[in-house]
Amino acid sequence: MKTLERPRRTSGGRGLFTSFHPGSHYVSTIDEVRALVDVVITQGSFAFDVETVGVLSHHPDLTEQVDQQVKTHVEALTSTSDAITDRARENKEQAMTKTIALDPKRNEVIWVGIATNGYSWAIPVGHPCGEVLVPEEVGNGSTIPPTGHRKILKSGDESLAKARYHIPAVFADPPAQLSRAEVFEALKPIFFDHSLVKVGHNVKFDARTIAKYYGELPVGPLHDTMLVQHALDENISSFRLTSLISTNFGEHNPYSKHGKVGANISTTPFSIACNYVHLDARWTWMLYQKLIRGLTNPLRQVVEQDVRVLEVLMDMEDIGMQVDSKGLASLGEELDSKMTDVHSEITAITYPGFNPDSVKDKRLFLFSAKRDGGLGLKPNKETEKGQASVDHDSLRAMEHKHPIIPLFLNWAEYKKMKSTYVDGLLEKTNKGRLHPNFHLHRTSTGRLSSSDPNLQNVPRDSSIRGLFKADDNSLLIVADYDQIELRIMAMFSKDENMMEIFTKGIDIHTGAASLLFDKPVAEITKDERQLGKSANFLTAYGGGASKLSATSGVTLTKAREIINQYYEQFDGLSLWKHKVVMQAKKDGYVTTISGRRRRLPDINSNKDDLRSRAERQAVNAIVQGSASDICKKAMIKVHPKVRSFGGKLLVQVHDELVVNVPDNDRVDYYSGIIKEEMGHGKDLNNVPIVVSSQSGYTWSEAK
DNA sequence: TAGATCACGCAC
DNA sequence: GCCGTACGTGATCTAC
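Reminder that position 164 of the first sequence reads as 379 in this note's numbering, one-by-one numbering, no gaps.
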């Protein structure tokens, strides 16, 4: 039995592991795994990290996707040959393999890294290669490729033309490694110990990845360096581990010496990969120690709340949401046929090769002079960079000027649905379910975000939401906060009129209209309510008269009048906003209900545009961030309740929760529990919280 | 050729 | 100068 290597401590160094150098130990026997488990258990917490690869052959459905992608790719080419087709397939397979490596449901672990006080271990469980025997050879196009890698001419001879080429390295066989099954069995005591804190950098990924080998998710408490760092500084551009090490330890490239991994860990020599795994686990551990020690209240409580949300999110991601793949596919066909028609009409009016996806093409066709082949129309809006805009609003405004404009509008609508929501979602479907990633560190306000796929911006249109289904024998309950952001503003500002509207249970937009137009609530028309609504929105976002006039269609003068009247009626609100900005200028940040901070470096800028932007952000961050705090608290409370009656929390969309519950006669009871845990009936300093809910078999029915 | 940027559109 | 927070897609630009 090999003994565990314990890295030497350095005195006065940057951390516990800086004496580390190559030739590092890797765990090769099951006794060593058991021994490391014994050490970890005494430490109370540990960092871990997995390295993963995608295995295409494990997923026959994915080969179909590759087939399809190769087919589309080849169809777009003018000349095809076996060599090109093979190359295309190789590229697509590589891309797909890379994708699956990051999908916790479909990847395979090849290394596990673990670190705790003074220790780190690298456990290989399927690294495919040993050391390099023959290095890879890459030609950048300036040389003639070696024989055997040259193009074959029609004559049958090898072409002597210079070309790009890539000859992969030749590796020795890897050393003998433990199997995943025995390693994870032996590690079970540390991943399922309710008293051990399991730390990761984006820990949901690692935890969900290893869940495959246990048939269930590791248990909390979990902790994550990303969300700690985010609480300390939300204005960070990259949350990659290497970036955070640089900013926290002043190491410019901690991996440069012996842990540099190429494009793919599975084509990295064994010893380098081993070093890399040690480094990743160690740096995660050291970063965690450093960040957690720098946490003081109220940020400490913010992080404590977020790690609890993290566990809920992990569960939500792993469960995923059922989607009707066949329905999506047939919607795709419908859109395809509509698009074919529109496209041919567009081509007939424009010219062959006109690309309706090209802003440039559309801009040229609409706005260039008639003598240049354009329509000579006048642009009515500019993009940020000062170009003529061809977005929906601009086109709508000139819709009657030429028959092609409605065609552009139709094309854009169909294209969006097809590419983002049909093809995009289908590609992410795994056994009929979509498993989003929820992020706690990607917004400046503390809101969640969602990606791969983003289930927070699924169109409300029933043609899409109607395809998101409850499980068999289940129902979806959608519970959402009523006007949570405006209620939060009422709470903070204690504005009398706003408080009164909410306490009396009057619709806030109607109430605002009533004050704006000095009319009883009962006499407010639909149009007036809409103006009230627009004005209400402006307050949270800090919009001005021009925006109001643009979105609601009233004249600029009228818009100014409305805004003035609004702030006269809700004078407490404008006073509060003013105080917020003053405080932000003094402190450099604002604070939400839970104590989360939004730092605003531009709040005292000399540049008017930057400063006013920061002022709007200050107000908005308090409102949006506090709403997010409330919804996070709710998730923490709702999650165990819902599980206790066999339900599943599926998705959070900022102010709404989507829950899958058993389809039985207790649905009203379930809804009641969910609403209660979300705070329905309670209040925010005398501003009532109202939660409404609906249920149905699809997401559109439930909303 | 890969990554960055722009323009756009979807959500709250 | 003029509306806050996100993410995905496709085109186009840019650096290597």
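Backbone N, C-alpha and C define an ideal beta-carbon position, used for all residues, glycine too.
Boundaries (first-last residue) of the alpha helix (DSSP H) holding residue i
{"i": "H493", "result": "485-508"}
{"i": "G787", "result": "786-802"}
{"i": "G400", "result": "Contrary to the premise, residue 400 reads as Glu rather than Gly in this sequence. First-last of the alpha helix (DSSP H) with E400: 395-406."}
{"i": "L641", "result": "639-643"}
{"i": "N625", "result": "619-631"}
{"i": "I338", "result": "Careful: I338 lies outside any alpha helix (DSSP H), inside the beta strand (DSSP E) at 334-339."}
{"i": "K575", "result": "574-582"}
{"i": "V557", "result": "540-564"}
{"i": "R680", "result": "677-680"}
Candidates the options: closest to residue i by CA position
{"i": "S540", "options": "K863, R680, M850", "result": "R680"}
{"i": "K596", "options": "Y241, L610, N835", "result": "L610"}
{"i": "R249", "options": "L663, P903, I405", "result": "I405"}
{"i": "T457", "options": "M441, L447, D448", "result": "M441"}
{"i": "T362", "options": "S374, E351, V353, L393", "result": "S374"}
{"i": "V265", "options": "R814, M529, G720, V418", "result": "V418"}
{"i": "A842", "options": "I808, F454, D817", "result": "I808"}
{"i": "F420", "options": "A316, P668, Q602, S471", "result": "A316"}
{"i": "Q360", "options": "I367, A378, K369", "result": "Just to set this straight, residue 360 is Pro in the shown sequence, not Gln. Nearest of I367, A378, K369 to P360, Cα basis: A378."}
{"i": "Y885", "options": "T770, Q909, A303", "result": "Q909"}
{"i": "D533", "options": "G588, M713, L649", "result": "L649"}
Residues bridged to residue i [DSSP beta-bridge criterion]
{"i": "G354", "result": "Y380"}
{"i": "R831", "result": "Paired residue(s): none; R831 is not in a bridge."}
{"i": "V265", "result": "V327"}
{"i": "S907", "result": "D695"}
{"i": "D439", "result": "G415"}
{"i": "A446", "result": "Paired residues: none, contrary to the question."}
{"i": "E783", "result": "Paired residue(s): none; E783 is not in a bridge."}
C-alpha distance - residue i paired with residue j, whole-angstrom precision
{"i": "H364", "j": "G371", "result": "14 Å"}
{"i": "T660", "j": "V874", "result": "25 Å"}
{"i": "A320", "j": "T424", "result": "Here residue 320 is Lys; the residue named in the question, Ala, does not match the sequence. Each residue's Cα considered, the two are about 7 Å apart."}
{"i": "K313", "j": "F464", "result": "30 Å"}
{"i": "G647", "j": "D638", "result": "14 Å"}
{"i": "F261", "j": "W500", "result": "7 Å"}
{"i": "R224", "j": "Y334", "result": "Here R224 scores only 34 on pLDDT, less than 50, and its place in the model should not be relied on; the value that follows carries that caveat. Rounded to whole angstroms, R224 to Y334 spans 10 Å at the Cα level."}
{"i": "S907", "j": "V434", "result": "32 Å"}
{"i": "F569", "j": "K630", "result": "15 Å"}
{"i": "A337", "j": "W326", "result": "7 Å"}
{"i": "H236", "j": "P469", "result": "Residue confidence for H236 is low, a pLDDT of 48 falling below 50, so the modelled location carries little weight; the figure read from the coordinates is stated next. Taking the straight line joining both Cα atoms gives about 12 Å."}
{"i": "L494", "j": "D408", "result": "25 Å"}
{"i": "K307", "j": "R831", "result": "45 Å"}
{"i": "V517", "j": "G810", "result": "6 Å"}
{"i": "V905", "j": "T565", "result": "53 Å"}
{"i": "T482", "j": "H654", "result": "30 Å"}
{"i": "T562", "j": "T358", "result": "43 Å"}
{"i": "G341", "j": "T267", "result": "10 Å"}
{"i": "H895", "j": "P903", "result": "8 Å"}
{"i": "P343", "j": "A391", "result": "10 Å"}
{"i": "M311", "j": "T644", "result": "14 Å"}
{"i": "E397", "j": "A422", "result": "17 Å"}
{"i": "S749", "j": "M706", "result": "20 Å"}
{"i": "V796", "j": "L788", "result": "13 Å"}
{"i": "N652", "j": "H381", "result": "35 Å"}
{"i": "V527", "j": "K852", "result": "10 Å"}
{"i": "A627", "j": "D439", "result": "40 Å"}
Limits of the beta strand (DSSP E) - the one that residue i falls within
{"i": "S665", "result": "664-666"}
{"i": "E519", "result": "From DSSP, E519 is part of no beta strand (DSSP E) but of the alpha helix (DSSP H) over 514-534."}
{"i": "K863", "result": "863-867"}
{"i": "V736", "result": "Here V736 belongs to no beta strand (DSSP E), and DSSP marks it neither H nor E."}
{"i": "F454", "result": "Unbroken run through F454: none, as it is neither H nor E."}
{"i": "E871", "result": "871-877"}
{"i": "H607", "result": "Unbroken run through H607 is the alpha helix (DSSP H), 607-612; no beta strand (DSSP E)."}
{"i": "H654", "result": "652-654"}
{"i": "V242", "result": "V242 -> no beta strand (DSSP E), and no H or E assigned at all."}
{"i": "R812", "result": "812-814"}
heavy atom of the ligand COA below 7 Å from residue i C-beta
{"i": "T635", "result": "Looking at this structure, you won't find the ligand COA or any other ligand, since it has none at all."}
Segment contact, 8 Å Cβ cut-off, at least three pairs: the region 469-476 with the region 484-495: yes
The region 727-747 / the region 775-784 touching (three or more Cβ pairs under 8 Å): yes
Validate contact between the region 838-856 and the region 888-897 using beta carbons, cut 8 Å, 3 pairs: yes
Inter-stretch contact at 8 Å, needing at least 3 Cβ pairs: the region 441-450 / the region 342-359: no
At least three beta-carbon pairs within less than 8 Å, the region 691-707 to the region 862-882: yes
Touching by the beta-carbon criterion (3+ pairs, under 8 Å), the region 875-884 and the region 545-560: no
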